[in-house]
Structures are given as structure tokens and as C-alpha cells.
Amino acid sequence: MNPDLQNKIELALSEIRPFLQSDGGDVTLVEISDDLTVKIRLHGSCVGCNVNQITLKTGVETTIKKYAPEIRQVVQIP
Numbered sequence: 018m019n020p021d022l023q024n025k026i027e028l029a030l031s032e033i034r035p036f037l038q039s040d041g042g043d044v045t046l047v048e049i050s051d052d053l054t055v056k057i058r059l060h061g062s063c064v065g066c067n068v069n070q071i072t073l074k075t076g077v078e079t080t081i082k083k084y085a086p087e088i089r090q091v092v093q094i095p
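Below you can see the structure in the form of C-alpha cells.
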């Protein structure tokens, strides 16, 4: 994992994390693959939430791409 890219992603997650935590959820970086796909895991109330795919796209993915525009996609893993 590229340390600079990982730092950018962690910074992005630290920006979005308070919003997730205010609703009882959280997010963890699992992996950055060679094809620039970020794999994350949602926790707490984000798991099984009806809007978690919306949260993933509009919140998490947008914030990550703001910090690291080279990222191609963000996917949630169980």
C-alpha cells in the first residue's frame, strides 16, 4: 500500500468519520488495491442501514476522491 495514498485516504476518512459517528456508525480502511480501488468496512448503525449505499457514494467516496482524485472507486466489504 502506497503510504502517501494511504495517508490521504485516512485524512479523508477522518473528515467523514464524525458524521458517521454522530449516527452511531464508523468506517475503516481495509485495502487500497493496485487498480486504485479503495475497500472500506462500515461499522455500527451503518451496517444494514437502508441508506448505507447512498452514504457510501455521496459521503465516503466523494470525500475520498476529494483528497485522492486518482482513486477509481470505493467499495464496501462486509
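In short: position in the sequence shown from 1, add 17, done, that's my numbering. For every residue, glycine included, the Cβ atom is placed at its ideal position computed from N, Cα and C.
With respect to Leu-22, Ala-85 sits close: the two C-beta atoms are nearer than 8 Å. Annotation: the continuous alpha helix (DSSP H) that includes Ile-33 extends over 20-39. Leu-59 is positioned such that its CB atom lies no closer than 8 Å to that of Ile-88.
In this structure, the beta-carbon distance from Leu-46 to Leu-28 does not fall below 8 Å. Inclusion of Thr-80 and Ile-33 in the CB contact set at 8 Å is warranted, their separation being smaller than that value. The three-state secondary structure of Glu-87, taken from DSSP, is coil.
Rounded to whole angstroms, the gap between the alpha carbons of Gly-41 and Glu-48 is 23 Å.
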